[in-house]
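Just below is one structure, and these are the notes that go with it.
2 protein chains.
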Amino acid sequence: MTATDREMISRLPLFGALTEEYRHKLLATAILREVEAGDILFGQGNPPEYLHVLLKGAVELRGADRLGNEAIVEVVQPPDCFILAAVVTNAPLLMGARALEASRLLLIPADHLRQELHAEPALALALLGAMASHYRGMVRQIKDLKLRTSVERLGSFLVQLAREQQSSGQIQLPYPKRVLADRMGITPEHLSRAFARLRERGVHMRGSRVVIDDVETLAAYCRVDTVLDSVERELRVPGTGV
Amino acid sequence: MTATDREMISRLPLFGALTEEYRHKLLATAILREVEAGDILFGQGNPPEYLHVLLKGAVELRGADRLGNEAIVEVVQPPDCFILAAVVTNAPLLMGARALEASRLLLIPADHLRQELHAEPALALALLGAMASHYRGMVRQIKDLKLRTSVERLGSFLVQLAREQQSSGQIQLPYPKRVLADRMGITPEHLSRAFARLRERGVHMRGSRVVIDDVETLAAYCRVDTVLDSVERELRVPGTGV
Numbered sequence: 056m057t058a059t060d061r062e063m064i065s066r067l068p069l070f071g072a073l074t075e076e077y078r079h080k081l082l083a084t085a086i087l088r089e090v091e092a093g094d095i096l097f098g099q100g101n102p103p104e105y106l107h108v109l110l111k112g113a114v115e116l117r118g119a120d121r122l123g124n125e126a127i128v129e130v131v132q133p134p135d136c137f138i139l140a141a142v143v144t145n146a147p148l149l150m151g152a153r154a155l156e157a158s159r160l161l162l163i164p165a166d167h168l169r170q171e172l173h174a175e176p177a178l179a180l181a182l183l184g185a186m187a188s189h190y191r192g193m194v195r196q197i198k199d200l201k202l203r204t205s206v207e208r209l210g211s212f213l214v215q216l217a218r219e220q221q222s223s224g225q226i227q228l229p230y231p232k233r234v235l236a237d238r239m240g241i242t243p244e245h246l247s248r249a250f251a252r253l254r255e256r257g258v259h260m261r262g263s264r265v266v267i268d269d270v271e272t273l274a275a276y277c278r279v280d281t282v283l284d285s286v287e288r289e290l291r292v293p294g295t296g297v
Numbered sequence: 056m057t058a059t060d061r062e063m064i065s066r067l068p069l070f071g072a073l074t075e076e077y078r079h080k081l082l083a084t085a086i087l088r089e090v091e092a093g094d095i096l097f098g099q100g101n102p103p104e105y106l107h108v109l110l111k112g113a114v115e116l117r118g119a120d121r122l123g124n125e126a127i128v129e130v131v132q133p134p135d136c137f138i139l140a141a142v143v144t145n146a147p148l149l150m151g152a153r154a155l156e157a158s159r160l161l162l163i164p165a166d167h168l169r170q171e172l173h174a175e176p177a178l179a180l181a182l183l184g185a186m187a188s189h190y191r192g193m194v195r196q197i198k199d200l201k202l203r204t205s206v207e208r209l210g211s212f213l214v215q216l217a218r219e220q221q222s223s224g225q226i227q228l229p230y231p232k233r234v235l236a237d238r239m240g241i242t243p244e245h246l247s248r249a250f251a252r253l254r255e256r257g258v259h260m261r262g263s264r265v266v267i268d269d270v271e272t273l274a275a276y277c278r279v280d281t282v283l284d285s286v287e288r289e290l291r292v293p294g295t296g297v
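Those protein sequences? They're chains A and B, same order as listed. First residue of the first sequence? That's 56 in this note's numbering, and the numbers climb one at a time after it. First residue of the second sequence? That's 56 in this note's numbering, and the numbers climb one at a time after it.
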């Protein structure tokens with residue numbers, strides 16, 4: 056494990072809430088895995104073998120129906136962990152995972168993690184914080200899907216990117232437009248039309264970059280709420296961690 | 056607290072995983088609350104004051120945007136708890152709650168629950184199981200919203216009801232059609248059209264009851280998957296509970 060890996064791991068609320076000594080013990084059985092863009096990490100319906108921690112790259116979590124139609128449920132950005140719910144309860148995976156770009160992952164054996172849950176109360180609290188954060192991400196997405204049109208959904212995604220990248224309106228799309236459309240539950244053609252509609256709201260495409268004339272005007276149009284729409288990477292059970 | 060309340064509480068995986076002695080201690084500060092249909096339990100954006108446990112009735116969890124447009128994110132059926140993620144992390148509520156019918160609730164003070172989390176490792180594991188189950192419910196809903204048309208979504212909801220009610224095709228809608236439409240993220244008019252479309256798939260309305268000619272044919276049409284679409288009320292961290 057490199058110094059950068061270690062730095063990434065300590066930035067995860069999940070591990071930041073544990074002592075360095077215990078973290079070392081927990082990760083003793085973990086495996087580092089490097090994958091290429093397009094590589095399948097696991098398929099849905101299987102039992103979870105590892106808690107996946109994304110250190111570098113990007114991974115799409117995909118849901119499929121019985122006929123093989125697929126949709127992106129979520130795109131994971133580092134540092135974050137995924138399939139935590141399936142791992143702690145040993146339930147079949149509801150989603151498959153595929154690398155969107157060359158990625159670096161830390162795999163923690165699921166049975167080892169479940170054993171440690173019983174042995175180390177601080178770990179259970181750390182996982183509870185991570186799970187709460189993932190749950191709330193899903194609630195936000197459902198509100199987004201039910202309350203916003205696809206044009207507003209795209210606009211509010213761009214507003215959040217602009218705020219995260221603190222770039223005063225010049226933003227870089229984190230993944231290809233095909234993925235963005237799929238994550239939003241619409242077709243690529245529909246996404247192009249949504250971008251066209253946002254032009255009159257001061258949103259301009261420049262290749263994979265987007266220029267927003269006025270972020271706050273766009274935020275008001277999409278009804279973005281500072282508290283309720285913001286990403287919560289630091290959510291924790293109070294009284295735990297550093 | 057009545058004997059029925061106690062029976063309901065013990066059926067919750069959340070409490071079933073705790074000893075009766077500890078459960079008694081945990082619930083010593085809890086408050087019983089009876090509400091009427093339409094009563095607001097709390098609004099979104101506020102700090103969570105109580106973990107809510109629904110013992111009887113039905114509650115809708117509603118998300119609103121800045122202009123006051125609202126959508127139902129989830130309908131809670133007893134016995135289940137809600138706003139667990141906000142309570143354990145003391146984060147602002149992402150949803151408000153309203154009783155759909157006369158309901159009976161147990162309110163556990165949030166600060167008491169968080170204190171107990173640190174004192175009693177079994178409680179953290181029990182909450183972890185409950186949170187995993189709620190998270191997976193949201194993932195299923197997102198897959199449903201992104202992969203199915205509204206007609207298929209309605210059909211698959213009816214299939215699940217038929218299976219839960221074990222009624223060989225004669226089912227009772229658990230809440231009014233307005234609520235059903237709102238939960239599905241469509242208008243009541245759109246819902247009526249979806250019911251009309253399902254008539255050719257052998258689905259017939261009889262007031263608030265629905266008759267399905269052949270549940271398995273409908274399930275195949277809606278691509279319902281036995282493992283991935285089923286409701287998991289009993290999800291737990293292995294090794295906990297009775």
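All C-beta atoms, glycine included, are put in the ideal place defined by N, C-alpha and C. Since the structure is predicted, the reported quantities are computational estimates derived from the model, not experimental observations.
Whole-number beta carbon distance between residue j and residue i, since they are thought to touch under 8 Å
i: A/Val131; j: A/Phe137; result: 5 Å
i: A/Tyr276; j: A/Arg256; result: 5 Å
i: A/Gly112; j: A/Ala152; result: So it is not a contact: roughly 12 Å between Cβ atoms.
i: B/Lys198; j: A/Ala126; result: 7 Å
i: B/Asp94; j: B/Ala154; result: 5 Å
i: B/His107; j: B/Leu162; result: 6 Å
i: A/Gln215; j: A/Asp269; result: So it is not a contact: roughly 16 Å between Cβ atoms.
i: B/Val143; j: A/Val292; result: 5 Å
i: A/Leu160; j: A/Leu110; result: 6 Å
i: B/Tyr190; j: A/Ala140; result: 4 Å
Cutoff 9 Å: residue i Cβ touching any chain D Cβ
i: A/His189; result: Among the protein chains in the structure shown, which are A and B, there is no chain D.
Test: residue i CB closer than 9 Å to a CB of chain B
i: A/Pro176; result: yes
i: A/Val297; result: The predicted model places A/Val297 with a pLDDT of 46, which falls under 50 and marks its position as unreliable; any figure quoted below should be read in that light. Closer than 9 Å: no.
i: A/Lys198; result: yes
i: A/Gly294; result: yes
i: A/Thr59; result: no
i: A/Lys201; result: yes
i: A/Leu283; result: yes
i: A/Glu287; result: yes
i: A/Ile122; result: For the record, residue 122 of chain A in the displayed sequence is Leu; it is not Ile. Closer than 9 Å to some Cβ of chain B, the Cβ of A/Leu122 qualifies, so yes.
i: A/Met56; result: no
i: A/Met186; result: yes
i: A/Met63; result: no
Proximity test, Cβ basis, 9 Å: residue i and chain A
i: B/Glu115; result: no
i: B/Asp280; result: yes
i: B/Gly118; result: yes
i: B/Arg240; result: The sequence as given places Gly at residue 240 of chain B; Arg does not occur at that position. B/Gly240 counts as touching chain A.
i: B/Arg291; result: yes
i: B/Glu271; result: no
i: B/Pro243; result: no
i: B/Ala141; result: yes
i: B/Pro147; result: yes
i: B/Ala126; result: yes
i: B/Asp264; result: For the record, residue 264 of chain B in the displayed sequence is Arg; it is not Asp. Answer no: the Cβ-Cβ gap between B/Arg264 and chain A never drops below 9 Å.
i: B/Val194; result: yes
i: B/Ile208; result: At residue 208 of chain B the sequence reads Arg, which differs from the Ile that was named. No, its Cβ sits nowhere closer than 9 Å to a Cβ of chain A.
i: B/Leu213; result: no
i: B/Leu106; result: no
i: B/Asp135; result: no
i: B/Thr144; result: yes
i: B/Met150; result: yes
Strand pairing of residue i, partner residues [DSSP]
i: B/Gly118; result: B/Ala126
i: B/Leu160; result: B/Arg88 and B/Leu109
i: A/Cys314; result: Outside the displayed span of chain A (56 to 297) sits residue 314 of chain A, for which this structure offers no information.
i: B/Gly192; result: BP columns for B/Gly192 are empty, so no partner.
i: A/Phe97; result: A/Ala152
i: A/Val131; result: A/Val114
What residues from the region 153–184 of chain B come within 8 Å of chain A, judged by C-beta to C-beta, listed N to C? Hits within the stretch, in order: Arg169, Leu172, His173, Pro176, Ala179, Leu180, Leu182, Leu183 and Gly184.
What residues in the region 245–259 of chain B have a beta carbon less than 8 Å from any beta carbon of chain A? none
Output needed in chain order: residues of the region 88–99 of chain A with a Cβ under 8 Å from some Cβ in chain B. Gln99
Quick one: which residues of the region 65–91 of chain A get their C-beta closer than 8 Å to a C-beta of chain B? List them in chain order. none
Within the region 246–274 of chain A, note down every full beta strand (DSSP E) run reaching 3 residues or more, in order along the chain. 258–261 and 264–267
Jot down the residue ranges of each uninterrupted alpha helix (DSSP H) in the region 198–241 of chain B, minimum 4 residues, whole runs only, in chain order. 205–220 and 232–239
Short of 7 Å Cβ to Cβ, which residues in the region 228–239 of chain A face chain B? none
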